[in-house]
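Per my numbering, residue -11 is the first one in the sequence shown, and the count goes up by one each step. In this text, a Cβ means the ideal position worked out from N, Cα and C, and glycines have one as well. Step one of this worksheet: look at the structure below.
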Amino acid sequence: MASASATLLKSSPIIDKSEWIKGQNLRHPSVCFVQCNPTSAAFTVRASSYADELVKTAKTVASPGRGILAMDESNATCGKRLASIGLENTEANRQAYRTLLVSAPGLGDYISGAILFEETLYQSTIDGKKMVDVLVEQKIVPGIKVDKGLVPLPGSNNESWCQGLDGLSSRTAAYYQQGARFAKWRTVVSIPNGPSALAVKEAAWGLARYAAISQDSGLVPIVEPEILLDGDHGIDRTFEVAQKVWAEVFFYLAENNVMFEGILLKPSMVTPGAECKDKATPQQVADYTLKLLHRRIPPAVPGIMFLSGGQSEVEATLNLNAMNQSPNPWHVSFSYARALQNTCLKTWGGRPENVKAAQDSLLVRAKANSLAQLGKYTGEGESEEAKKGMFVKGYVY
């Protein structure tokens, strides 16, 4: 069966930079009919002509000592961030901040991929250069947020589901042409609200459909089943729920013929609820999380890119470092938003004269998490700002 599978993976030529950005040579998936044995019925197996490219992209993002900068906040959420430093939510201010992030000198030494909001994918820097081009020059793979946000799930216990499958195929094809090479879809599960079997199944099925559609368009799907930090439950309850969620997710990924070698997983770490009185040490978080990974995640998945979920900058880095103290079957790394940007944003404050200092703050955090991915982070010299928690109850973005 392994040899049969291998023959189904059509070769895809390695694309040069110009093709990567312009996306002119769009390829189309093929369909093969495979006969298992003379007495069995033929069944259809999808063999995407992007298979080799998907594997290459996933391995590039999951490269040693590097992780993902999540800068895909919606314009509304970006407005909240800007408001926190006294700035108005205008396209010019969003452009200035995003320019600061993508143009930080040497960012590509620590960051392998950047998740963008749709506006940013088509946006230029304040110097008139395409954001995508700036990222590629830094050897950072551009990615794109493709979900359309959370809405109430009828029939559930005040839970939500993620919308965005309608029209996704045409959108992902256009994003590929614009230079994106991976995608992100975030759905959430709430422990205080159950979670109900309906909410878990809806989350898993939506992620699987999105992943199949993204691979069909040449984009590596980041699969993000976030277990929210909200609640006063202990770490064992988080572990129990995560086991169920991850089992459902990978069941439906397989049902939708998603190629595991061409995806990245962006899960929550296994931690107690944010309001739990019994706090966990980095070693406890690492032990529970790695146990869960070994039970649920196939080694074919190239990268586990953890979200920070409201942890402080230092806390997220310490927990990641603890998970990398011994070899893992996967690249265990980060895909952080607030845990990379918080100090950077406050340092900038919207002032042009603070851009370099803000970029230096971003690089400090990026380097710290790079070291954590390698298991070499010590936590020495961290600022008090970096130690502040960023949990927001009912957080949306």
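query = Which of the three DSSP states, helix, strand or coil, is assigned to Phe239?
reply = Taking the first residue of the sequence shown as position 1, residue 239 is located at position 251. Phe239 falls in the helix class under three-state DSSP.
key: Coarse secondary structure for Ala58, derived from DSSP in three states   = As a position in the sequence shown, residue 58 is number 70, starting the count at 1. The three-state reading of DSSP puts Ala58 in strand, counting E and B together.
ask   = Residues in its own chain within less than 8 Å of Leu153 by CB, not counting five upstream and five downstream?
value = Here residue 153 is taken as the residue at index 165 of the sequence shown, counted from 1. Taken in chain order, the residues that qualify are Gly194, Arg197, Tyr198, Ile201.
Nearest-angstrom beta carbon gap, Leu88 and Asp60 [assumed within contact, 8 Å] = Residue 60 sits at position 72 when you count from the first residue of the sequence shown. Residue 88 sits at position 100 when you count from the first residue of the sequence shown. Between Leu88 and Asp60 the Cβ distance is about 16 Å, and since that is not below 8 Å, they are no contact.
task = Run the CB neighbour count on Val176, radius 10 Å, all protein chains shown included, and call it buried at 16 or more, exposed below.
result = As a first step, residue 176 is located in the sequence shown; it is residue number 188 there, counting from the start. By the neighbour-count rule (16 or more Cβ atoms within 10 Å), Val176 is buried.
ask   = What is the rounded straight-line gap between the Cα of Leu351 and the Cα of Ser144?
value = On the sequence shown, residue 351 is found 363 positions in, with the first residue counted as 1. On the sequence shown, residue 144 is found 156 positions in, with the first residue counted as 1. Near 43 Å, if we compare the C-alpha coordinates of Ser144 and Leu351.
key: Cβ neighbour criterion (16 or more within 10 Å) applied to His282   = Translated into positions along the sequence shown, residue 282 becomes position 294. So His282 counts as exposed.
message = Helix, strand or coil for Met378? Go by DSSP, reduced to three states.
response = For the purposes of this step, residue 378 is taken as residue 390 along the sequence shown, with counting starting at 1. For Met378, the pLDDT reaches just 44, beneath the cut-off of 50, and the residue's location in the model is therefore unreliable, although a value from the coordinates is still provided. Correct three-state label for Met378: coil.
inquiry  = For the region 335 to 348 against the region 78 to 97, do three or more pairs of beta-carbon atoms, one drawn from each stretch, fall closer than 8 Å, so that the two count as touching?
reply    = Taking 8 Å as the limit for Cβ pairs, the verdict is that the region 78 to 97 does touch the region 335 to 348.
request  = Measuring alpha carbon to alpha carbon, tell me which of Arg69, Val134, Ile99, Phe227 ends up nearest Glu106.
outcome  = Within the sequence shown, numbered from 1, the residue matching residue 106 stands at position 118. If you compare the alpha carbons of Arg69, Val134, Ile99, Phe227 with that of Glu106, the shortest gap goes to Val134.
Lys267 in three-state terms, based on DSSP = Working through the sequence shown from its first residue, we reach residue 267 at position 279. DSSP, reduced to helix, strand and coil, places Lys267 outside both helices and strands of the structure shown, so it counts as coil.
task = Can you check DSSP and say which residues form a bridge with Leu252?
result = Numbered from 1 along the sequence shown, position 264 holds the residue referred to as residue 252. Listed as beta-bridge partners of Leu252 by DSSP are Ile210, Gly291.
ask   = With distances taken from CA atoms, which of Leu253, Ala356, Gly222 is nearest Val208?
value = In the sequence shown, counting from the first residue as 1, residue 208 sits at position 220. Checked all of Leu253, Ala356, Gly222; the closest Cα to Val208 is Leu253.
ask   = Any idea which residues DSSP pairs Ile99 with across the strands?
value = As a first step, residue 99 must be located in the sequence shown, where it is residue number 111. Ile99 is bridged to Gly55.
ask   = Between Ser148 and Ser100, which are expected to be in contact by the criterion C-beta below 8 Å, what is the C-beta distance as a whole number of angstroms?
value = Looking up residue 148 in the sequence shown gives position 160. Looking up residue 100 in the sequence shown gives position 112. Actually they are not in contact, since the Cβ atoms of Ser148 and Ser100 sit about 30 Å apart, beyond 8 Å.
inquiry  = Going by DSSP in three states, Ala200 sits in which element: helix, strand or coil?
reply    = The sequence position of residue 200 within the sequence shown is 212, counting from 1. If DSSP states are grouped into helix, strand and coil, Ala200 belongs with the helices.
inquiry  = Per the DSSP calculation, Ile132 is bridged to which residue(s)?
reply    = Looking up residue 132 in the sequence shown gives position 144. The partner list for Ile132 (beta bridge, DSSP) reads Leu104, Ala171.
inquiry  = Quick check: Phe227 and Val246, are their CB atoms within less than 7 Å of each other?
reply    = Within the sequence shown, the letter at position 239 stands for residue 227. Within the sequence shown, the letter at position 258 stands for residue 246. Not closer than 7 Å, so no.
ask   = By DSSP, does Pro140 sit in helix, in strand, or in coil?
value = Residue numbering aside, residue 140 sits at position 152 when the sequence shown is read from its first letter. If DSSP states are grouped into helix, strand and coil, Pro140 belongs with the strands.
inquiry  = Measuring only the C-alpha atoms, how far is Glu236 from Phe248?
reply    = Taking the sequence shown and counting its residues from 1, one reaches residue 236 at position 248. Taking the sequence shown and counting its residues from 1, one reaches residue 248 at position 260. Cα-Cα distance, rounded: 15 Å.
request  = Quick one: grab the DSSP three-state call for Tyr365.
outcome  = Here residue 365 refers to the residue found at position 377 when the sequence shown is read from its first residue. Three-state result, Tyr365: coil.
key: Three-state secondary structure assigned by DSSP to His221   = By one-based count along the sequence shown, residue 221 stands at place 233. His221 falls in the coil class under three-state DSSP.
query = What first and last residue would you give for the beta strand (DSSP E) that runs through Ser158?
reply = The sequence position of residue 158 within the sequence shown is 170, counting from 1. If you look at Ser158, you'll find it isn't in any beta strand (DSSP E); it sits in the alpha helix (DSSP H) that goes 156 to 166.
ask   = Since Lys118 sits in a beta bridge, which residues does DSSP pair it with?
value = The residue labelled residue 118 in the question sits at position 130 within the sequence shown. According to DSSP, which records beta bridges pairwise, Lys118 is partnered with Ser112.
message = My parser needs the alpha helix (DSSP H) runs of 4 or more residues fully inside the region 296 to 344; what are they?
response = Complete alpha helix (DSSP H) runs here, min 4: 301 to 311, 326 to 336.
key: Contacting residues, own chain, Cβ-Cβ under 8 Å from Ala268 (five flanking each side not counted)   = Start at 1 with the first residue of the sequence shown, and residue 268 comes out as number 280. Excluding positions up to five away in sequence, the list reads Ile223, Thr259, Pro260, Tyr276.
task = Let me know if Thr366 comes out buried or exposed under the rule of 16 or more other beta-carbons within 10 Å of its beta-carbon.
result = Reading the sequence shown from its first residue, position 378 is the one you call residue 366. Exposed, by the Cβ-count rule.
task = May I ask which residues mark the beginning and end of the alpha helix (DSSP H) holding Thr45?
result = Numbered from 1 along the sequence shown, position 57 holds the residue referred to as residue 45. Its alpha helix (DSSP H) spans residues 39 to 49.
query = Ser72 to Glu79, Cα distance in whole Å?
reply = Stepping through the sequence shown from its first residue, residue 72 is reached at position 84. Stepping through the sequence shown from its first residue, residue 79 is reached at position 91. CA-CA distance, Ser72 to Glu79, rounds to 16 Å.
task = Go through its chain and collect everything with a Cβ distance to Asn77's Cβ below 6 Å, but skip five positions before and after it.
result = In the sequence shown, counting from the first residue as 1, residue 77 sits at position 89. Here Asn77 has Gly67, Leu70 as same chain residues with Cβ atoms under 6 Å from its own Cβ, once five neighbours each way along the sequence are excluded.
inquiry  = Let me make sure I understand the geometry here. Which of Arg159, Ala84, Trp173 has the alpha-carbon closest to that of Gly167?
reply    = Residue numbering aside, residue 167 sits at position 179 when the sequence shown is read from its first letter. Of Arg159, Ala84, Trp173, the residue nearest in Cα terms is Arg159.
task = Please classify Ala187: is it buried, with 16 or more other beta-carbons within 10 angstroms of its beta-carbon, or exposed?
result = For this step, residue 187 is matched to residue 199 along the sequence shown. In summary, Ala187 is buried, with 16 or more beta-carbon neighbours lying within 10 Å of its beta-carbon over all protein chains present.
query = Quick one, which of Asn309, Ile128, Trp336, Ala325 has its alpha-carbon nearest Ser62's?
reply = One-based indexing of the sequence shown puts residue 62 at position 74. By alpha-carbon distance to Ser62, the top candidate from Asn309, Ile128, Trp336, Ala325 is Ala325.
ask   = In angstroms, rounded to a whole number, what distance separates the CA positions of Lys232 and Ser184?
value = As a working note, residue 232 is residue 244 in the sequence shown. As a working note, residue 184 is residue 196 in the sequence shown. Their backbone Cα atoms lie some 11 Å apart in a straight line.
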